[in-house]
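For reference, the structure discussed in these notes is given below.
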Amino acid sequence: MWGTFRVWDARLTSVFILFLIYLGALHFKKLPVELAPISIRAGPIDIPIIKSPVNWWNTSHQPGSISRSGTSIHVPMPIPILSNFANFPFSTRILFVLETRLHIPSFPESPLTEEIEAREGIPLKT
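Per UniProt numbering, the sequence shown starts with residue 1, numbered consecutively.
Given below as structure tokens:
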């Protein structure tokens with residue numbers, strides 16, 4: 001509902017509950033009792049509840065744009081959406097590999113250091 005100062009929307013409330021669950025997990029890590037793993041395992045239960053309120057209740061969010069029965073968005077839009085969805089894991093892996101390669105040279109006693117230097121011709125020791 002546009003123009004509404006504050007609406008306790010189901011999606012916003014469930015995201016806030018997930019935030020509180022993980023904030024509690026960080027707090028529980030400091031306690032001697034092992035409550036953090038329980039809280040961390042309870043978090044993913046809230047994820048379907050975050051996704052589904054737009055289809056369950058008539059709230060301030062629009063209904064789902066892409067569903068099994070079709071799309072409610074303009075015809076060219078699913079192509080970039082699905083492209084981004086497919087490229088995200090690939091980009092994440094690339095960034096992970098690059099970040100890992102930045103930290104490997106910080107261990108000069110690593111047996112891989114000489115192999116990387118020989119393969120790439122770049123001295124890694126500083």
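Beta carbons are placed, not taken as given, at the ideal position from N, Cα and C, and that holds for glycine.
Note: T71 is bridge-paired with I66 in the DSSP secondary-structure output. Counting other Cβ atoms within 10 Å of its Cβ, A10 reaches 16 or more and is therefore classed as buried.
The beta-carbon distance between P78 and T71, rounded to whole angstroms, is 6 Å. This is short enough to meet the 8 Å contact definition. Taking the C-beta atoms as reference points, D46 is found no nearer than 7 Å to L82.
Secondary structure at S14: helix, using DSSP grouped into helix, strand and coil. Per DSSP, reduced to three states, the secondary structure at L102 is helical. The continuous alpha helix (DSSP H) containing S39 extends over residues 36-42. Nearest to G24 by C-alpha distance, out of R101, A42, E115, T13, is A42. DSSP places V33 outside any alpha helix (DSSP H), giving it a letter other than H or E.
S91 carries a helical assignment under DSSP once its states are collapsed to helix, strand and coil.
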